[in-house]
Amino acid sequence: MRFQSNPRPAGRAGVRALAVAVALCGLTGAAGCGKVISIGDAPASSAPAPAPPASSAPPAADPAPSTPAGTGDTGSQEFGSGNPLQLVNGSAADNGATGDGGTVTGAAVQEQPPVWVQLTGVRSRTLDAHVVDVNQSTLYRFDKDSADPSRSTCEGDCAVTWPPVTIKLGGKVYVRGVRPEAVGAIRRGDGRIQLTIGGWPVYRFAKDQRPGDEKGQGVGGTWFAVALDGSKAIPVK
145 MRFQSNPRPA
155 GRAGVRALAV
165 AVALCGLTGA
175 AGCGKVISIG
185 DAPASSAPAP
195 APPASSAPPA
205 ADPAPSTPAG
215 TGDTGSQEFG
225 SGNPLQLVNG
235 SAADNGATGD
245 GGTVTGAAVQ
255 EQPPVWVQLT
265 GVRSRTLDAH
275 VVDVNQSTLY
285 RFDKDSADPS
295 RSTCEGDCAV
305 TWPPVTIKLG
315 GKVYVRGVRP
325 EAVGAIRRGD
335 GRIQLTIGGW
345 PVYRFAKDQR
355 PGDEKGQGVG
365 GTWFAVALDG
375 SKAIPVK
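Letter 185 of the sequence shown, counting from 1, is numbered 329 in our numbering, and no numbers are missing.
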C-alpha cells in the first residue's frame, strides 16, 4: 500500500508521504475499522471562553453522545454507523471524498467542526515522520497537555493561536501512515470533539499559512510537530 504524496509549492522543501504499509484491524485495505474509542470529557475550566471575531459565529458544540448498550460506564463506543466517529483506512480521496471536509487553514476560524478529518504521515527535509491534515497543515502537540489521561490545557487565546483539530460527531477520520490504534478523541470544555494521537490532543498553528509550513515547531519549548504515535517529531539532522 502506497501513501499519498504531499508536495509543497514550487521552490519550497518537499514533503513526502511515508512509504510504510499499515494493516488496520489485521486486514490491509479494509474500508473501516471496528476499533473502540473513548471520547473523554475535559475538566471544567475557570478560564473564560474567547470572544469570537465580530464577523464570525462561535463554534457550534456537538451534542453529548449517548452511551450505547454494552459499552459500560467508560463512554467507549465502536466506530461505525450511528456511533460518534468512524475510522477509515486510506486518504479521503482514496475513499471517494472530495474537498477538505470543512477543515480550514492558518488563522481562519473553524466555525463548524469538519465532517471529516484526514491524518496523513509524512516526512519533510526538516522533520522526520510527522502528521499533517488534508490541507497539509502540520499538526502539533503541547507539552502542558496530558496524554494519560488525555487533557487539553489550551483554551482562550491559546486556542486562537493553536486551533484544536476538531471533528463533528458522526464524522470520519481518514488515516494514512498513522497508527489507527493511536487515534482517539476528547470532549473539550467548550463541548467540541478534539482528535488525539497517542493520547495527545492535536492542533494546527495559526501562523502556518502555506502547505508544509512548520513554523510552530519548538515554539516556547513546548510545542512540537506530532509524530505518528503521538510523540514529538524528530528534527532531521
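By construction, the Cβ of each residue, glycine as well, lies at the ideal position given by its N, Cα and C atoms.
Status (buried if at least 16 other CB within 10 Å, exposed otherwise) for residue 366: exposed
Residue 176 - DSSP class collapsed to helix/strand/coil: For residue 176, the predicted structure reports a pLDDT of 43, less than 50, and the residue's modelled location is therefore unreliable. A value from the coordinates is still provided. Here residue 176 sits in strand by DSSP.
8 angstroms contact criterion, which residue 291 and residue 260 should meet: CB distance rounded: At roughly 24 angstroms, the Cβ-Cβ gap does not stay under 8 angstroms, so residue 291 and residue 260 are not in contact.
Distance, residue 364 Cα to residue 328 Cα: 26 angstroms
Cβ-based burial, residue 312 [other Cβ within 10 Å; buried from 16]: buried
Beta-carbon gap between residue 285 and residue 346 smaller than 8 angstroms: yes
6 angstroms Cβ shell around residue 351 - same chain, five flanking residues per side excluded: 359
For residue 305, the three-state DSSP class (helix, strand or coil): helix
contact_flag[the region 275 to 289, the region 247 to 262] where n(CB pairs < 8 angstroms) is 3 or more: yes
Cα-Cα separation between residue 314 and residue 381, rounded to whole angstroms: 41 angstroms
Neighbour-count burial assignment, residue 324, 16 or more Cβ in a 10 Å radius: buried
Distance, residue 320 Cα to residue 267 Cα: 13 angstroms
Residue 279 in three-state terms, based on DSSP: coil
CA nearest to the CA of residue 253, picked from 341, 305 and 334: 305
Coarse secondary structure for residue 324, derived from DSSP in three states: helix
Given residue 234 as reference, the closest of 302, 318 and 246 once Cα atoms are compared: 318
Cα-Cα separation, residue 186 to residue 340: With a pLDDT of only 44 at residue 186, under the threshold of 50, the placement of this residue in the model should not be trusted; the figure read from the coordinates follows. If I take the Cα positions, the gap works out to 13 angstroms.
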